[in-house]
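First up is the structure itself, then whatever we jot down about it.
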Amino acid sequence: MFHSASRLLACATVVAIGAAGCSGNRSMLPAAGLQGAGSSARAARLPHPGLMRLTSQPPDVMQMAFLMTDGSVLAQSYTANLWYRYVPDQFGNYGNGTWTQVASLQAGYAPSAFSSAVLADGRLAIIGGEYNTPGNYQLQLTNLGAIYD
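Under our numbering, think of the first position of the sequence shown as 15, with each following residue one higher.
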């Protein structure tokens with residue numbers, strides 16, 4: 015759930031997966047560390063040996079994704095107001111993970127460009143941003159913020 019944040023005292027390094035790594039039917043994640051039969055055969059068919067195609071494609075086009083401290087991926091949809099969580103399967107394989115929709119930002123806050131950090135305690139902090147209204151791409155700066163926990 016996202017909570018409103020008027021000020022933020024601590025930030026950590028953000029780990030983001032670029033839009034090309036998490037959009038449409040072309041979604042791919044790093045294949046390093048895959049376990050199980052057939053993983054080398056799958057890697058041989060892909061355009062780059064370090065990537066693998068996801069079995070479960072995102073429910074929407076994603077514009078930004080964050081690797082969380084629990085190993086899940088929290089992703090913002092292209093429409094900016096929907097968020098999804100991607101969790102690897104029970105064996106830790108990201109290629110066979112599942113997507114679920116999670117809480118949205120508070121009403122009136124849906125930026126498509128913002129400062130962000132995955133905090134050491136597992137929360138995601140989002141501060142400021144522009145293009146705050148989904149679908150309206152005239153410059154709109156905001157000083158709002160949120161913390162996802």
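Positions of the beta carbon are idealized from the N, C-alpha and C atoms, including for glycine.
Where residue i falls: helix, strand or coil (DSSP)
{"i": "N110", "result": "helix"}
{"i": "T156", "result": "strand"}
{"i": "S130", "result": "strand"}
{"i": "Q90", "result": "strand"}
{"i": "G52", "result": "Its pLDDT being 47, under 50, G52 is placed unreliably in this model, and the value from its coordinates should be taken loosely. Coil, per DSSP."}
{"i": "Y123", "result": "coil"}
{"i": "Q104", "result": "coil"}
Closest residue to residue i among the options (Cα-Cα distance)
{"i": "G143", "options": "S130, G136 and A89", "result": "S130"}
{"i": "I80", "options": "N95, L138 and S126", "result": "Looking at the sequence provided, one finds Phe at residue 80 rather than Ile. For the residues N95, L138 and S126, the minimum Cα distance to F80 belongs to L138."}
{"i": "L65", "options": "R99, S126, N107 and Q152", "result": "N107"}
{"i": "G159", "options": "Q115, V75, L153 and F128", "result": "F128"}
{"i": "Q120", "options": "M76, G85, I161 and Q154", "result": "I161"}
{"i": "V166", "options": "G85, S86, M82 and W113", "result": "Residue 166 lies beyond the range of the chain shown here (15 to 163); nothing can be said about it."}
{"i": "Q71", "options": "G85, L153 and R99", "result": "R99"}
{"i": "S91", "options": "M78, L153 and G85", "result": "M78"}
Continuous beta strand (DSSP E) stretch holding residue i: start and end
{"i": "L68", "result": "Neither: L68 is in no beta strand (DSSP E) and is coded neither H nor E."}
{"i": "G142", "result": "L138 to E144"}
{"i": "A79", "result": "M76 to L81"}
Residue-level contact to chain B via CB, residue i, 8 Å cutoff
{"i": "T83", "result": "Of the chains in the structure shown, none is chain B; there is only one protein chain."}
Exposure label - residue i; buried when at least 16 CB within 10 Å
{"i": "A55", "result": "Its pLDDT being 48, under 50, A55 is placed unreliably by the model, and the measurement read from it follows with that caveat. Exposed."}
{"i": "L133", "result": "buried"}
{"i": "A58", "result": "Legend: pLDDT at A58 = 47, less than 50; position of this residue unreliable, value from coordinates given subsequently. A58 comes out exposed."}
{"i": "P73", "result": "exposed"}
{"i": "A89", "result": "buried"}
Cβ shell of residue i (< 6 Å), same chain only, five flanking positions each side left out
{"i": "D163", "result": "R137"}
{"i": "N110", "result": "T69 and D103"}
{"i": "T83", "result": "G136"}
{"i": "Q164", "result": "For residue 164 there is no data in the structure shown, the boundaries of the chain being 15 and 163."}
Nonlocal neighbours in the same chain, by C-beta distance under 8 Å from residue i, ignoring five residues either side
{"i": "S118", "result": "F16, N95, L96, W97 and A124"}
{"i": "A156", "result": "The question names Ala, but residue 156 is Thr in the sequence shown. Hits under 8 Å: Y123, P125, G142, G143, E144 and N146."}
Chain-order list of residues whose beta-carbon lies under 7 Å from that of residue i (same chain, five-residue window excluded)
{"i": "Q154", "result": "E144, Y145, N146 and T147"}
{"i": "V101", "result": "S86, G111 and T112"}
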